[in-house]
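Let me begin by presenting the structure, written as structure tokens, before commenting on it.
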Amino acid sequence: MKKHFLLRLNPIRPGFAQNMLAEERITMQEHILYWKDLMKQGIALVFGPVHDPKGVYGIGIIQAESEDQVRTLIANDPANRINKYEFYPMTAITPSNQD
16 MKKHFLLRLN PIRPGFAQNM LAEERITMQE HILYWKDLMK QGIALVFGPV HDPKGVYGIG
76 IIQAESEDQV RTLIANDPAN RINKYEFYPM TAITPSNQD
């Protein structure tokens, strides 16, 4: 049975979203393509930046078999080279488990 996880992508510096260097922007574009592919596979349910007034960060809600799979997904994300992830298991209410 798949489990749900919340992922938080923390930027390497304040203002990162507003002042990315050219090579960082390329990495973040690769990051978006990576998660879009995982969305097509049914792993990523939602992802994107959170425009918190204290600082922008990214979130994703995914379904995975295990924490080891989550660690592998994070390790393979191009953005992991320049940003830092946190992840937490969650009890998700979804259209398929409302019974």
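Here the sequence shown is numbered in the working numbering, starting from 16 and rising by one per residue.
Here a beta-carbon is modelled for each residue, glycine too, at the ideal position from N, C-alpha and C.
Is it the case that the stretch 29 to 39 contacts the stretch 74 to 88, given that we only count it when at least three CB pairs across the two stretches are under 8 Å? Taking one beta carbon from each stretch, the stretch 74 to 88 and the stretch 29 to 39 have fewer than 3 pairs nearer than 8 Å; the two do not touch.
Can you look up E80 in the DSSP assignment and give me helix, strand or coil? coil
Would you mind stating whether G70 and P104 have Cβ atoms separated by less than 9 Å? Going by C-beta atoms, G70 is not nearer than 9 Å to P104.
My output table needs one value for N25: the three-state DSSP class, helix, strand or coil. strand
Under three-state DSSP, which class holds I74? strand
Selection from Q56, N91 and L60 that minimises the alpha carbon distance to T42: N91
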